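A.B. asks: Heads up: the sequence shown begins at 4 in my numbering, then just goes up one per residue.
This is the structure, below, for whatever I ask next.
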Amino acid sequence: MQNTGTTTWSEGDRIRLGAVGSDASLFGPARVTIPAGVTVAPGASHTFTYTMTAPATAGTYTPQYRMVWELHQWFGETLTKTIQVTPASTVDAEVVSDTIPATMTAGQSYAVSVTMQNTGTMIWSEGDRIRLGAVDDAALFGPARVTIPAGVTVAPGASHTFTYTMTAPATAGTYTPQYRMVWELHQWFGETLPKTVQVTGASTVDAAVVSDTIPATMTAGQSASVSVTMQNTGTKTWSEGDRIRLGAVGDAALFGPARVAIPAGVTVAPGASHTFTFTMTAPATADTYTPQYRMVWEYQQWFGETLPKTIQVTAASTVDAAVVSDTIPATMTAGQSASVSVTMQNTGTKTWSEGDRIRLGAVGDGAGDAILFGPARVTIPTGVTVAPGASHTFTFTMTAPATADTHNPQYRMVWDGHQWFGETLAKTVQVTTAATPTVDAVVVNETIPTTIPTTIPTTIPTTIPTTIPTTIPTTIPTTIPTTIPTTIPTTIPTTIPTTTTAGQNDTAPVTVQNTSTKT
Numbered sequence: 004m005q006n007t008g009t010t011t012w013s014e015g016d017r018i019r020l021g022a023v024g025s026d027a028s029l030f031g032p033a034r035v036t037i038p039a040g041v042t043v044a045p046g047a048s049h050t051f052t053y054t055m056t057a058p059a060t061a062g063t064y065t066p067q068y069r070m071v072w073e074l075h076q077w078f079g080e081t082l083t084k085t086i087q088v089t090p091a092s093t094v095d096a097e098v099v100s101d102t103i104p105a106t107m108t109a110g111q112s113y114a115v116s117v118t119m120q121n122t123g124t125m126i127w128s129e130g131d132r133i134r135l136g137a138v139d140d141a142a143l144f145g146p147a148r149v150t151i152p153a154g155v156t157v158a159p160g161a162s163h164t165f166t167y168t169m170t171a172p173a174t175a176g177t178y179t180p181q182y183r184m185v186w187e188l189h190q191w192f193g194e195t196l197p198k199t200v201q202v203t204g205a206s207t208v209d210a211a212v213v214s215d216t217i218p219a220t221m222t223a224g225q226s227a228s229v230s231v232t233m234q235n236t237g238t239k240t241w242s243e244g245d246r247i248r249l250g251a252v253g254d255a256a257l258f259g260p261a262r263v264a265i266p267a268g269v270t271v272a273p274g275a276s277h278t279f280t281f282t283m284t285a286p287a288t289a290d291t292y293t294p295q296y297r298m299v300w301e302y303q304q305w306f307g308e309t310l311p312k313t314i315q316v317t318a319a320s321t322v323d324a325a326v327v328s329d330t331i332p333a334t335m336t337a338g339q340s341a342s343v344s345v346t347m348q349n350t351g352t353k354t355w356s357e358g359d360r361i362r363l364g365a366v367g368d369g370a371g372d373a374i375l376f377g378p379a380r381v382t383i384p385t386g387v388t389v390a391p392g393a394s395h396t397f398t399f400t401m402t403a404p405a406t407a408d409t410h411n412p413q414y415r416m417v418w419d420g421h422q423w424f425g426e427t428l429a430k431t432v433q434v435t436t437a438a439t440p441t442v443d444a445v446v447v448n449e450t451i452p453t454t455i456p457t458t459i460p461t462t463i464p465t466t467i468p469t470t471i472p473t474t475i476p477t478t479i480p481t482t483i484p485t486t487i488p489t490t491i492p493t494t495i496p497t498t499i500p501t502t503t504t505a506g507q508n509d510t511a512p513v514t515v516q517n518t519s520t521k522t
């Protein structure tokens, strides 16, 4: 409302928003005050906040509101509203089905369900606090309320299945648990599900130790797969469904785990045995420990014989290493591959092997220079061990990066999954650009004639001489024989002529020396 007068409004002057007529009072309240200490000056506005509750009877109502100066006058404009009040939604329910057993064993738990149909006009939800409620004996089996999951609604005509756990009372007898829908703080409604449950005496639980494979000594931090076999000497069947497990007592919790479950779907009948397999990890501190194991029925009791063990935990082996030697080159050509080796000495007390994932590692992994040359790890061959004090040579291939630069690859021993250890081998490798091939040559010698005849014979001899001269003429005839020899000389001249006839083919050897860098 806006103050359009000249008087300041305040609760001190008892100026309030008032309900006019009978209809407004049906929605309540009759007056809405200005908070203490607040004033509404002329020209200013004030928002009155309050709660209206619709009448229980459906119909059309016209509540009105106007400013009132108590004991003086009503003033200003009237706010007239028309409100249509509809009938309230109804709540009702019918039982559809249930899985509650007719007999239970004292103290035993059962997963059950109850399905109810919404036969009213109001939607069910946890937001409206509509739940399945336990009536009479049902509270002895728990829980008192079963809720609809958050975000789930059950529309009129739809059904919802409530799933929960019932635990039979410890005392044998006949019980009549009942379940019905409840609208919290309003009413119980709908059909009641009546059940009769016969609770019988509980089975007994007992156990005997059969065997175990727990070692008498362990190294600090060592893990070992072990087993404990227990026999069911009671009358109750063991199962994970009943939360019957092998439990760690005393020091056993230091070796973990605190509980070892029976696999889902497996049961251990009275008289039968079950082997619990699990991993023990020795404490980090060397000492004598006395872990114990015993069967436990969670939330009920520990039972049966206890398996007591004594384990001597010794100090863990240490890992350390020293660099012995390497064959990593100081310079490489970009892209060049080189077979190299690094020799490391085991200066710790733990034997190295690939089985323990002890390897030569490229320091920095993906972030260091060594990975640029590859590989990130160099393993010890399968079946090879490096005893304390011994050395091992790691052989691998390094391939220089494609870009010329100065790199600082480093190598160190690593126990993968645990730690880096020992001395670091730090190298500096200068990677240079590969030389570009060139072609070049120089003449070494030749036997090419210096003069060539200028005349070409006009006739070809028709006969070949039948005899071979015994001496080599010192001059070349100026005439051409008229006959072609019928035989070929059997001896080769010992000197090469310095002249040749025009048109004649001669063979002359030439030697060339390659003075370039290219083949």
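Glycine residues also receive a C-beta, built at the ideal position from the N, C-alpha and C atoms.
Computed from a predicted model, the values in this text were never measured in an experiment.
Looking at the strands, I want to know which residues DSSP matches up with residue 298.
C.D. replies: Here residue 298 is taken as the residue at index 295 of the sequence shown, counted from 1. Residue 298 pairs with 249, 306.
A.B. asks: Looking only at its chain, what residues have a beta carbon closer than 7 Å to the beta carbon of residue 436, apart from the 5 residues adjacent to it on each side?
C.D. replies: Taking the first residue of the sequence shown as 1, we reach residue 436 at position 433. 337, 407.
A.B. asks: What residue range is occupied by the uninterrupted alpha helix (DSSP H) comprising residue 192?
C.D. replies: Taking the sequence shown and counting its residues from 1, the one referred to as residue 192 is at position 189. That residue, residue 192, is in no alpha helix (DSSP H); its beta strand (DSSP E) goes 190-197.
A.B. asks: Please go through the same chain and pick out, in chain order, the residues whose beta-carbon is closer than 8 Å to the beta-carbon of residue 170, but skip the five residues on each side of it.
C.D. replies: Within the sequence shown, residue 170 is the residue found at index 167, counting from 1. Closer than 8 Å at the Cβ level, and outside the excluded window around residue 170, lie 110, 111, 112, 113, 144, 145.
A.B. asks: Who are the Cβ neighbours of residue 495 in its own chain at under 7 Å, not counting the five residues just before and after it?
C.D. replies: Reading the sequence shown from its first residue, position 492 is the one you call residue 495. Below a pLDDT of 50, predicted positions are generally treated as unreliable, and residue 495, at 48, falls in that range; no measurement from the model is reported.
A.B. asks: How many Å lie between residue 372 and residue 447 at the Cα?
C.D. replies: The residue labelled residue 372 in the question sits at position 369 within the sequence shown. The residue labelled residue 447 in the question sits at position 444 within the sequence shown. The straight-line gap from Cα to Cα measures roughly 49 Å.
A.B. asks: Within 10 angstroms of its Cβ, does residue 198 collect 16 or more other Cβ (buried), or is it exposed?
C.D. replies: On the sequence shown, residue 198 is found 195 positions in, with the first residue counted as 1. So residue 198 counts as buried.
A.B. asks: Looking at the unbroken alpha helix (DSSP H) that takes in residue 374, where does it start and where does it end?
C.D. replies: Position 371 of the sequence shown, counting from 1, holds the residue named residue 374. Note, residue 374: alpha helix (DSSP H), 373-376.
A.B. asks: Pick helix, strand or coil for residue 515, following the three-state DSSP scheme.
C.D. replies: Looking up residue 515 in the sequence shown gives position 512. If DSSP states are grouped into helix, strand and coil, residue 515 belongs with the strands.
A.B. asks: Under 7 Å Cβ to Cβ from residue 388, same chain only, skipping five residues before and after it: list those, please.
C.D. replies: Taking the first residue of the sequence shown as 1, we reach residue 388 at position 385. Here the set comprises 354, 355, 356.
A.B. asks: When you compare each of 49, 100, 30 to residue 88 by their alpha carbons, which one comes out closest?
C.D. replies: In the sequence shown, the residue the question calls residue 88 occupies position 85. The residue with the shortest Cα to Cα distance from residue 88 is 30.
A.B. asks: Using three-state DSSP, classify residue 243 as helix, strand or coil.
C.D. replies: Indexing the sequence shown from 1 puts residue 243 at position 240. Here residue 243 sits in helix by DSSP.
A.B. asks: So, with DSSP's three-state summary, where would you put residue 24?
C.D. replies: As a working note, residue 24 is residue 21 in the sequence shown. Helix, per DSSP.
A.B. asks: Going by C-alpha distance, which of 259, 242, 295 is nearest residue 268?
C.D. replies: As a position in the sequence shown, residue 268 is number 265, starting the count at 1. Looking at the Cα atoms, 242 is the closest of the given residues.
A.B. asks: Shortest alpha-carbon distance to residue 115 belongs to which of 122, 121, 106, 123?
C.D. replies: Counted from its first residue, the sequence shown places residue 115 at position 112. Checked all of 122, 121, 106, 123; the closest Cα to residue 115 is 106.
A.B. asks: List, from N- to C-terminal side, the alpha helix (DSSP H) runs of 4 residues or more that fit wholly inside the stretch 307-390.
C.D. replies: DSSP runs (the alpha helix (DSSP H)) wholly in the stretch 307-390: 373-376.
A.B. asks: Which residues share a DSSP beta bridge with residue 62?
C.D. replies: As a working mapping, residue 62 is identified with position 59 in the sequence shown. According to DSSP, which records beta bridges pairwise, residue 62 is partnered with 88.
A.B. asks: When the Cα atoms are used, what is the spatial distance from residue 415 to residue 320?
C.D. replies: For the purposes of this step, residue 415 is identified with residue 412 of the sequence shown, where counting begins at 1. For the purposes of this step, residue 320 is identified with residue 317 of the sequence shown, where counting begins at 1. If I take the Cα positions, the gap works out to 19 Å.
A.B. asks: Applying the criterion that 16 or more other CB atoms from any shown protein chain within 10 Å of the CB defines a buried residue, is residue 183 buried or exposed?
C.D. replies: In the sequence shown, counting from the first residue as 1, residue 183 sits at position 180. That one is buried.
A.B. asks: Note down, in chain order, each residue of its chain lying with its Cβ closer than 6 Å to the Cβ of residue 271, except the 5 sequence neighbours on either side.
C.D. replies: Walking along the sequence shown from the start, residue 271 turns up at place 268. Excluding sequence neighbours, residue 271 sits near 235, 241, 277.
A.B. asks: Going along the chain, which residues of its own chain have a beta-carbon closer than 7 Å to the beta-carbon of residue 185, five neighbours each way excluded?
C.D. replies: In the sequence shown, the residue the question calls residue 185 occupies position 182. Closer than 7 Å at the Cβ level, and outside the excluded window around residue 185, lie 134, 136, 191.
A.B. asks: In this structure, how does DSSP classify residue 74 when only helix, strand and coil are distinguished?
C.D. replies: For the purposes of this step, residue 74 is taken as the residue at position 71 of the sequence shown. In the structure shown, residue 74 sits in coil (DSSP, three-state: anything other than H, G, I, E or B).
A.B. asks: Mark residue 34 as exposed unless 16 or more other C-beta atoms lie within 10 angstroms of its C-beta, in which case mark it buried.
C.D. replies: The sequence position of residue 34 within the sequence shown is 31, counting from 1. Burial call: exposed.
A.B. asks: Could you name the residues of the same chain whose beta carbon sits closer than 6 Å to that of residue 342, not counting the 5 residues immediately before and after it, in chain order?
C.D. replies: The count along the sequence shown starts at 1 and reaches residue 342 at position 339. Around residue 342: 400.
A.B. asks: Whose CA, out of 65, 507, 86, 130, lies closest to the CA of residue 454?
C.D. replies: Here residue 454 refers to the residue found at position 451 when the sequence shown is read from its first residue. Per the Cα distances, 507.
A.B. asks: Excluding the 5 residues preceding and the 5 following residue 97 in the sequence, name in chain order all residues of the same chain whose CB lies nearer than 8 Å to its CB.
C.D. replies: Numbered from its first residue, the sequence shown carries residue 97 at position 94. Answer for residue 97: 119, 120, 122, 193, 194, listed in chain order.
A.B. asks: Buried or exposed, going by whether 16 or more other CB atoms sit within 10 Å of the CB of residue 142?
C.D. replies: Counting from one through the sequence shown, the residue named residue 142 turns up at place 139. Exposed, by the Cβ-count rule.
A.B. asks: Residue 237 and residue 295: beta carbons closer than 8 Å?
C.D. replies: The count along the sequence shown starts at 1 and reaches residue 237 at position 234. The count along the sequence shown starts at 1 and reaches residue 295 at position 292. Their beta carbons are not under 8 Å apart, which means residue 237 does not touch residue 295 by this criterion.
A.B. asks: Spatial neighbours of residue 148 within its chain, please: C-beta separation below 6 Å, excluding the five flanking residues on both sides.
C.D. replies: Here the question's residue 148 lines up with position 145 in the sequence shown. Only 134, 136 meet the Cβ criterion.
A.B. asks: Tell me residue 262's beta-bridge partners as DSSP assigns them.
C.D. replies: Numbered from its first residue, the sequence shown carries residue 262 at position 259. In DSSP, residue 262 forms a bridge with 250.
A.B. asks: Which partner residues does residue 135 have in the DSSP bridge list?
C.D. replies: Position 132 of the sequence shown, counted from the first residue, corresponds to residue 135. DSSP, once it has assigned bridges, lists 149, 184 as partnering residue 135.
A.B. asks: I'd like the list of long-range same chain contacts for residue 251, defined as Cβ closer than 6 Å, with 5 residues on each side in sequence excluded.
C.D. replies: One-based indexing of the sequence shown puts residue 251 at position 248. Once the five neighbours on either side are set aside, the close Cβ partners of residue 251 are 261.
A.B. asks: Using beta-carbon positions only, say whether residue 216 and residue 317 come within less than 8 Å of one another.
C.D. replies: Start at 1 with the first residue of the sequence shown, and residue 216 comes out as number 213. Start at 1 with the first residue of the sequence shown, and residue 317 comes out as number 314. No. Outside cutoff.
A.B. asks: Can you name the residues that DSSP bridges to residue 100?
C.D. replies: Position 97 of the sequence shown, counted from the start, is the residue given in the question as residue 100. Looking at the DSSP assignment, residue 100 forms a beta bridge with 118.
A.B. asks: Could you name the residues of the same chain whose beta carbon sits closer than 8 Å to that of residue 288, not counting the 5 residues immediately before and after it, in chain order?
C.D. replies: For this step, residue 288 is matched to residue 285 along the sequence shown. The residues are 223, 316.
A.B. asks: Of the choices 381, 367, 423, 286, whose alpha-carbon is the least far from that of residue 413?
C.D. replies: Counting from 1 along the sequence shown, the entry for residue 413 is found at position 410. It is 367.
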